[in-house]
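Using this note's numbering, the letters of the sequence shown correspond one by one to residues 9 to 292.
C-beta: ideal position from N, C-alpha, C; glycine also.
Down below is the structure, laid out as structure tokens.
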Amino acid sequence: MRAAVGQLCSTDNVKRNAEMCASIIRRAAAADCQLVLLPEAADFIADASKVKELSQPIDSSDFVKRVREQAKESKIWVGVCVHEATDSEKSYNSSLLITPEGEIVQNYHKLHLLDVNYGNDGPIRESKTTLKGEKLLEPYQTPVGKLGMLTCYDLRFPEGALSLRRKGAEIIAYPSAFTMQTGPPHWEVLLRARAIETQSYVLAAAQIGKHSPERETYGHAMIVDPWGSVIAQASTRPPDYPPNEEDIDAGTFVSAELDLDWLHQLRKEMPLWEQRRTDVYPEV
Numbered sequence: 009m010r011a012a013v014g015q016l017c018s019t020d021n022v023k024r025n026a027e028m029c030a031s032i033i034r035r036a037a038a039a040d041c042q043l044v045l046l047p048e049a050a051d052f053i054a055d056a057s058k059v060k061e062l063s064q065p066i067d068s069s070d071f072v073k074r075v076r077e078q079a080k081e082s083k084i085w086v087g088v089c090v091h092e093a094t095d096s097e098k099s100y101n102s103s104l105l106i107t108p109e110g111e112i113v114q115n116y117h118k119l120h121l122l123d124v125n126y127g128n129d130g131p132i133r134e135s136k137t138t139l140k141g142e143k144l145l146e147p148y149q150t151p152v153g154k155l156g157m158l159t160c161y162d163l164r165f166p167e168g169a170l171s172l173r174r175k176g177a178e179i180i181a182y183p184s185a186f187t188m189q190t191g192p193p194h195w196e197v198l199l200r201a202r203a204i205e206t207q208s209y210v211l212a213a214a215q216i217g218k219h220s221p222e223r224e225t226y227g228h229a230m231i232v233d234p235w236g237s238v239i240a241q242a243s244t245r246p247p248d249y250p251p252n253e254e255d256i257d258a259g260t261f262v263s264a265e266l267d268l269d270w271l272h273q274l275r276k277e278m279p280l281w282e283q284r285r286t287d288v289y290p291e292v
């Protein structure tokens, strides 16, 4: 079975972002993929002052409606990450899993928010506009395997991935929007580490390029196998800025075959779960 990860440069033009995502979904389905994952904040990337205005409830979101329609039309599973409006001033960073019938079967709220103090432009505070999630979801059975959902900054906390593996995950998703400062030293290293320690496939869709004069992301969307090898990686060349608003095919994707028989053979040959010393340290 084949899975894909998308890469695009979302802006504050939600309608164009939706059409770029629809284009990736169509092309991934045409490439015989059964599942395609889209990046974090696929609906928009905008100044913090616009987040409340642009966020919508899942049930009435025009962006989500368009993605669901395309999933149904293309008969493919889709993972997409959006800003979910709430009754408060803040939104959830929500990762949705959508069936080929266009139904939303999971909605994961990002647990770890990007509140950091590095950078030349001062501290980053995702928590100013975003609510923390409260729970991990059970891995969901898809045609390519049992999928566990996490998001971007969650990648830095191995407990989430280890917990999903304990719950039966064979694939872990990390839709992301890594910064230009952390991307080069950390992105691939962390993805490969999570794949190795959980003996799972890791699917990492990514934002890339300049979203505004002030905001740029690293890209390098990739798929990592349970041995820790990068088996697919998107182009590292960012799109032009400012973007061509008419170009809805500006996003890209890469795909790979996921071999679950090999995954389970690897887990038997190196039985990490049976060897864990939970008599010495807590079970995760």
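Query raised in the report: Does the beta-carbon distance from Ser-103 to Pro-183 come in below 8 Å?
Result: Taking 8 Å as the Cβ cut-off, Ser-103 and Pro-183 qualify as a contacting pair.
Query - Runs of beta strand (DSSP E) wholly within the stretch 158-240 (minimum 3 residues, chain order) - result: Counting whole runs of 3 or more residues, the stretch 158-240 contains the beta strand (DSSP E) stretches 179-181, 209-212, 214-220, 223-226, 230-232.
Query raised in the report: Is Lys-58 helix, strand or coil by DSSP?
Result: DSSP, read as helix, strand or coil, puts Lys-58 in helix.
Requested in this report: With DSSP collapsed to three states, give me the class of Asp-123.
Outcome: In the three-state reduction of the DSSP assignment, Asp-123 falls in the strand class.
Query - Proximity to Met-278 [Cα-Cα], best of Leu-266, Glu-254, Trp-235 - result: The shortest CA-to-CA distance from Met-278 to any of Leu-266, Glu-254, Trp-235 is the one to Trp-235.
**Report entry** Trp-270 - DSSP class collapsed to helix/strand/coil
**Finding:** In the structure shown, the three-state DSSP call for Trp-270 is helix.
Report task. Please classify Cys-89: does DSSP put it in a helix, a strand, or coil? Result -> Under the three-state reduction of DSSP, Cys-89 is assigned to strand.
Query raised in the report: Around the C-beta of Trp-195, are 16 or more other C-beta atoms found within 10 angstroms, so that it is buried, or is it exposed?
Result: Its Cβ being crowded by 16 or more others within 10 Å, Trp-195 is buried.
Query raised in the report: For Lys-154, which residues of its own chain have a beta-carbon under 8 Å away from its beta-carbon, when the five flanking residues on both sides are left out?
Result: For Lys-154, where only same-chain residues beyond five positions count, the Cβ hits under 8 Å are Pro-147, Tyr-148, Gly-176, Ala-177, Glu-178, Ile-179.
Query raised in the report: Tell me the DSSP bridge mates of Glu-265?
Result: Arg-10, per the DSSP bridge assignment.
Query raised in the report: Helix, strand or coil: which one does DSSP assign to Gln-149?
Result: DSSP places Gln-149 in strand when its eight states are reduced to three.
Report task. Return the first residue and the last residue of the beta strand (DSSP E) that Ile-112 is part of. Result -> Following the DSSP letters along the chain, one finds Ile-112 inside the beta strand (DSSP E) bounded by residues 112-117.
**Report entry** Cα-Cα separation between Arg-34 and Leu-43, rounded to whole angstroms
**Finding:** Going by the C-alpha atoms only, they are around 11 Å apart.
Query raised in the report: Between Gln-114 and Leu-139, is the Cβ-Cβ spacing less than 8 Å?
Result: Taking 8 Å as the Cβ cut-off, Gln-114 and Leu-139 do not qualify as a contacting pair.
Query - Exposure of Leu-45, with buried meaning 16 or more beta-carbon neighbours within 10 Å - result: Leu-45 should be labelled buried.
Query - Boundaries of the beta strand (DSSP E) in which Ser-82 is found, first to last residue - result: That residue, Ser-82, is in no beta strand (DSSP E); its alpha helix (DSSP H) goes 70-82.
**Report entry** Three or more C-beta pairs below 8 Å linking the stretch 69-81 and the stretch 247-267
**Finding:** No: fewer than three Cβ pairs fall under 8 Å.
Report task. Along the beta strand (DSSP E) that carries Val-44, what are the first and last residues, could you check? Result -> Note, Val-44: beta strand (DSSP E), 43-45.
Query raised in the report: My guess is that Phe-71 and Asn-125 are in contact by the Cβ rule of under 8 Å, so how many angstroms apart are they, rounded?
Result: Their Cβ separation, rounded to whole angstroms, is 32 Å, which puts Phe-71 and Asn-125 out of contact at 8 Å.
Query raised in the report: To the nearest whole angstrom, what separates the beta carbons of His-228 and Gln-241, a pair I think is in contact under 8 Å?
Result: Yes, His-228 and Gln-241 are in contact; Cβ-Cβ is about 6 Å, under 8 Å.
**Report entry** Inter-residue spacing [alpha-carbon to alpha-carbon] between Pro-221 and Met-188
**Finding:** In a straight line, the C-alpha of Pro-221 is about 14 Å away from that of Met-188.
Query raised in the report: How about Leu-155: is its Cβ closer than 7 Å to a heavy atom in the ligand SAH?
Result: For the ligand SAH, the structure offers nothing, since it holds no ligand at all.
Query raised in the report: What is the DSSP secondary structure of Ser-103, reduced to helix, strand or coil?
Result: The three-state secondary structure of Ser-103, taken from DSSP, is strand.
Query raised in the report: Ends of the alpha helix (DSSP H) at Asn-25?
Result: 22-38 is the span of the alpha helix (DSSP H), which, as asked, contains Asn-25.
Query raised in the report: In the structure shown, what three-state DSSP assignment does Lys-136 receive?
Result: Lys-136 falls in the helix class under three-state DSSP.
Query raised in the report: Leaving out the 5 sequence neighbours to the left and right, which residues in its chain are closer than 7 Å to Lys-143 when beta-carbon positions are compared?
Result: If we look at Lys-143 and ignore the five residues flanking it on each side, it has no Cβ neighbours.
Query raised in the report: From the DSSP output, which residues share a beta bridge with Thr-260?
Result: Listed as beta-bridge partners of Thr-260 by DSSP are Gln-15.
Report task. Assign Lys-276 to one of three DSSP states: helix, strand, or coil. Result -> Three-state DSSP puts Lys-276 in a helix.
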